[in-house]
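Numbering (my numbering), first residue to last: 54 to 304. Idealized CB from N, CA, C, for every residue including glycine. Here's the structure, in structure tokens; my notes come after.
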């Protein structure tokens, strides 16, 4: 570093030019009190990522490191030429910006350092990869995150963007399911998206699982209790001409 009082003391009075060997910062005053030329120091800007590759929806922080450490300035971050927020002030030689809005794809992240009166501007780049978010089975993509399938629905395979309602004859009463539960024997599920099975009423029965309805007791038979899986033949001395009966007649 040149000092006006020593290195330049034998220079002629007046303005001194072209004395910058590359490690001079600031302004040097000659003995005559005139200001000599200003020496701007070159810089380099390196860009780093907190997570690379990242997944859609994840927050990523990009950091620009300027060398040598400048006395200020700001950095504009861009992704494929689009600004990532506003200018960020440089402090201690670094500036950072975070984002979670990058869609799946490949990006050139650019950090443009503005420079100061003592430090030259510079630009650094980084290639950032953002992978698609693949939700596991039992969940689906909603916005930028995976959410479990709500009760009454299911998601059988990974990578879904919506849940499917449980079909007739099935149900689920908990979230995050990959399949629905068939209605047990003696029960039925008449509609889609159900969270529970209904018990067959007295006078009806259902021997199968996964049913959408119950069978009325045949004539000559009866079903006295709810949730039955079979019908009972009227005993000797009784009869029942109707279907769906809960008892037999004796008169």
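If you draw a straight line from the C-alpha of residue i to the C-alpha of residue j, how long is it?
i	j	result
residue 236	residue 251	8 Å
residue 108	residue 189	14 Å
residue 266	residue 298	16 Å
residue 176	residue 99	8 Å
residue 207	residue 243	18 Å
residue 148	residue 101	11 Å
residue 103	residue 144	18 Å
residue 300	residue 205	36 Å
residue 214	residue 183	18 Å
residue 302	residue 281	20 Å
residue 163	residue 218	45 Å
residue 233	residue 262	13 Å
residue 202	residue 146	47 Å
residue 294	residue 222	30 Å
residue 70	residue 124	Because the pLDDT of residue 70 is 48, which lies under 50, any placement of that residue in the model is unreliable, and the question is left without a value.
residue 291	residue 304	8 Å
residue 259	residue 230	26 Å
residue 116	residue 249	53 Å
residue 226	residue 106	38 Å
residue 156	residue 245	35 Å
residue 133	residue 200	30 Å
residue 140	residue 220	54 Å
residue 256	residue 216	36 Å
residue 174	residue 195	42 Å
residue 253	residue 185	47 Å
residue 238	residue 284	13 Å
residue 118	residue 193	39 Å
residue 74	residue 122	Low confidence applies here, because residue 74 scores a pLDDT of 46, under 50, leaving its location unreliable and the question unanswered by this model.
To which residues does DSSP link residue i through a beta bridge?
i	result
residue 181	160
residue 150	115
residue 194	199
residue 218	206
residue 109	Residue 109 pairs with nothing; no bridge assigned.
residue 101	116
residue 235	223
residue 252	240
residue 295	According to DSSP, which records beta bridges pairwise, residue 295 is partnered with nothing at all.
residue 274	286
residue 144	147
residue 176	165
Residue j and residue i - do their beta-carbons sit closer together than 8 Å?
i	j	result
residue 127	residue 97	no
residue 187	residue 209	no
residue 198	residue 110	yes
residue 241	residue 264	yes
residue 159	residue 178	no
residue 279	residue 296	no
Thinking just about the alpha-carbon of each residue, which of the options is nearest to the one in residue i?
i	options	result
residue 305	255, 240, 224	There is no way to answer for residue 305, as the model of the chain reaches only from 54 to 304.
residue 272	279, 262, 260, 288	288
residue 170	134, 92, 221, 258	92
residue 152	114, 202, 230	114
residue 130	249, 165, 304	165
residue 228	254, 255, 191	191
residue 112	124, 141, 133, 150	150
residue 172	95, 135, 193	95
residue 161	137, 286, 253	137
residue 286	142, 174, 274	274
residue 135	118, 122, 154, 142	154
*asked:* What ranges does the beta strand (DSSP E) occupy inside the stretch 117-142, keeping only unbroken runs of at least 3 residues that lie completely in it?
replied: 127-132
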